[in-house]
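As they're listed, the protein sequences go chains A and B. Start counting the first sequence at 3; every next residue gets the next number (our numbering). Start counting the second sequence at 926; every next residue gets the next number (our numbering).
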Amino acid sequence: AQTVTQSQPEMSVQEAETVTLSCTYDTSESDYYLFWYKQPPSRQMILVIRQEAYKQQNATENRFSVNFQKAAKSFSLKISDSQLGDAAMYFCAYRSAYEQGLGSNSGYALNFGKGTSLLVTP
Amino acid sequence: DAGITQSPRHKVTETGTPVTLRCHQTENHRYMYWYRQDPGHGLRLIHYSYGVKDTDKGEVSDGYSVSRSKTEDFLLTLESATSSQTSVYFCAIRPGQTYEQYFGPGTRLTVT
């Protein structure tokens, strides 16, 4: 199965500063999708940003952007101008482009990392 | 709002009892998923469905069964709950022609 690794269990950032969350993944597939989800204390899973592996251009969504390095199998999330409302758990996720992808997660299911807890201080 | 509801939102049950969690969607999406979330593990796939009566196992399917008799409902059943099944359970849908999934609010299940 594809493995998604988030090596930072916790991160901290000051309001208005920039923070980068790391994610690496292991796959032998050439076509796939990557996502960052945010989980605030409400527990709701919220999609932050997605990246298609076939696209070289890094995805951006307002203050959120990614640094996608396909050869290095790296997919980091940069949050600019951090706000108190950004405090949450952040999960990196991988999805095969194929319905019967490699490993136990098929049916276009998501493989998640273990998450990074982001604290935002005033 | 992806129109996904889960019921119940919280449940406490005893070891050995059967438990059914319900996921309901309002937009007739074909793909539906059940995940469980545990500290230190992220979210892991239990089962998924790709249509009415079409289901398959995920990474952590032991001890769980699912059913989908109509498009809008996907049921997750713990035949005989165990303490190791204490977790937060999320349902998700994948809208057609999109890559991402959208999640329900989650159900916190405690097995005592």
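Don't be surprised by glycine CBs; every beta carbon is placed ideally from N, CA and C. Since this is a predicted model, take the numbers as computed values, not measurements.
Practice problem: Could you tell me whether the Cβ atoms of residue 998 of chain B and residue 947 of chain B are closer together than 8 angstroms? | Solution: yes
Quiz item: In the structure shown, what three-state DSSP assignment does residue 112 of chain A receive?
Solution: coil
Quiz prompt | N-terminal and C-terminal residue of the beta strand (DSSP E) that residue 1034 of chain B is part of | solution = 1032-1036
Quiz item: How would you list, in chain order, the residues of chain B whose beta-carbon sits under 8 angstroms from the beta-carbon of residue 116 of chain A?
Solution: 965, 966, 967
Practice problem: Could you name the residues of chain A that residue 981 of chain B contacts, counting a contact when the two beta carbons are closer than 9 angstroms? | Solution: 108, 109
Exercise. Mind checking who residue 954 of chain B pairs with in its DSSP beta bridge?
Key: Its beta-bridge partners do not exist; DSSP assigns none.
Practice problem: Kindly indicate if chain A contains any beta-carbon less than 8 angstroms away from that of residue 1028 of chain B. | Solution: yes
Quiz item: Hey, how far is the Cα of residue 59 of chain A from the Cα of residue 1004 of chain B?
Solution: 47 angstroms
Self-check item: Burial state of residue 88 of chain A, where buried means 16 or more other Cβ atoms lie within 10 Å
Solution: buried
Quiz item: Can you list, in chain order, the residues of its chain whose CB lies under 6 angstroms from that of residue 53 of chain A, leaving out five sequence neighbours each side?
Solution: 36, 61, 68, 70
Quiz prompt | Beta-ladder partner(s) of residue 73 of chain A, from DSSP | solution = BP columns for residue 73 of chain A are empty, so no partner.
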